[in-house]
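>
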Amino acid sequence: MTRAPERRRTTFLRGRRAEFIALLFMILKGYRPLAHRYSAAGGEIDLIFVKGGTIAFVEVKARGRMDDALSAITATKRRRFSRAVRAWIARHAWASDKTWRADAVFLAPRRWPKHVKAAFELEML
Numbered sequence: 001m002t003r004a005p006e007r008r009r010t011t012f013l014r015g016r017r018a019e020f021i022a023l024l025f026m027i028l029k030g031y032r033p034l035a036h037r038y039s040a041a042g043g044e045i046d047l048i049f050v051k052g053g054t055i056a057f058v059e060v061k062a063r064g065r066m067d068d069a070l071s072a073i074t075a076t077k078r079r080r081f082s083r084a085v086r087a088w089i090a091r092h093a094w095a096s097d098k099t100w101r102a103d104a105v106f107l108a109p110r111r112w113p114k115h116v117k118a119a120f121e122l123e124m125l
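Residue numbers (our numbering): 1 to 125.
1. How about the region 72-92 and the region 23-41: do they share at least three Cβ pairs that are nearer than 8 Å?
2. Given this structure, state the Cα-to-Cα distance separating K98 from G52, to the nearest angstrom.
3. Which full runs of the beta strand (DSSP E) of 3+ residues lie inside the region 43-72, going along the chain?
4. Leaving out five residues on either side along the sequence, give the residues of the same chain with a beta carbon under 8 Å from the beta carbon of E19.
5. Would F120 and R78 qualify as a contact pair, given that the criterion is a beta-carbon distance under 7 Å?
6. Excluding the 5 residues flanking L28 on each side, which residues of the same chain have their C-beta closer than 7 Å to its C-beta?
7. Closest to L122 by CA distance: which of A93, V58, G64 and R63 is it?
8. Among W94, R110, A118 and A95, whose alpha-carbon lies nearest the alpha-carbon of A137?
9. Whose C-beta lies closer than 8 Å to the C-beta of R65 among residues of the same chain, with five residues either side of it excluded?
10. Mapping the DSSP letters down to three states, classify W100 as helix, strand or coil.
11. Give me the Cα-Cα distance between T93 and A84, rounded to the nearest whole angstrom.
12. Any idea if F81 is buried or exposed, counting beta-carbon neighbours within 10 angstroms, 16 or more meaning buried?
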């Protein structure tokens, strides 16, 4: 029996749990959720929130160590994320006059979640 399917399932469940923790964490910080696991244009946004005049598109990363989580958003991930953001904005005209921001929530065992505002630049070509 191969371990690959078992490993994928464990990784998937860890990611879902991390997204749920990040969702609760952001709500406690006063953010209102708009979408969860939005997928379009070959990219995915884990969480989308609004707070005041800002829409925060959030990437959630959970790793065994916080340093690993902080370095887990690659250039490829940022490009795909930005494509999904552009698709979301195109479908939600009311959001065009808001400020858009790419945030991140990083999680590691036995550590508080870390919310980084404007963790990276959105590619809004």
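The beta carbon of each residue, even a glycine, is placed where N, CA and C say it ideally should be.
On the basis of the data shown:
1. Touching, yes.
2. 9 Å
3. 43-51 and 54-62
4. H36, R37, D46, L47 and V60
5. yes
6. none
7. V58
8. This structure gives no information on residue 137, because the portion of the chain shown stretches from 1 to 125.
9. A108
10. In the structure shown, W100 sits in a strand (DSSP, three-state: E or B).
11. It should be pointed out that residue 93 corresponds to Ala in this sequence rather than to Thr. Going from the Cα of A93 to the Cα of A84 covers about 15 Å.
12. buried
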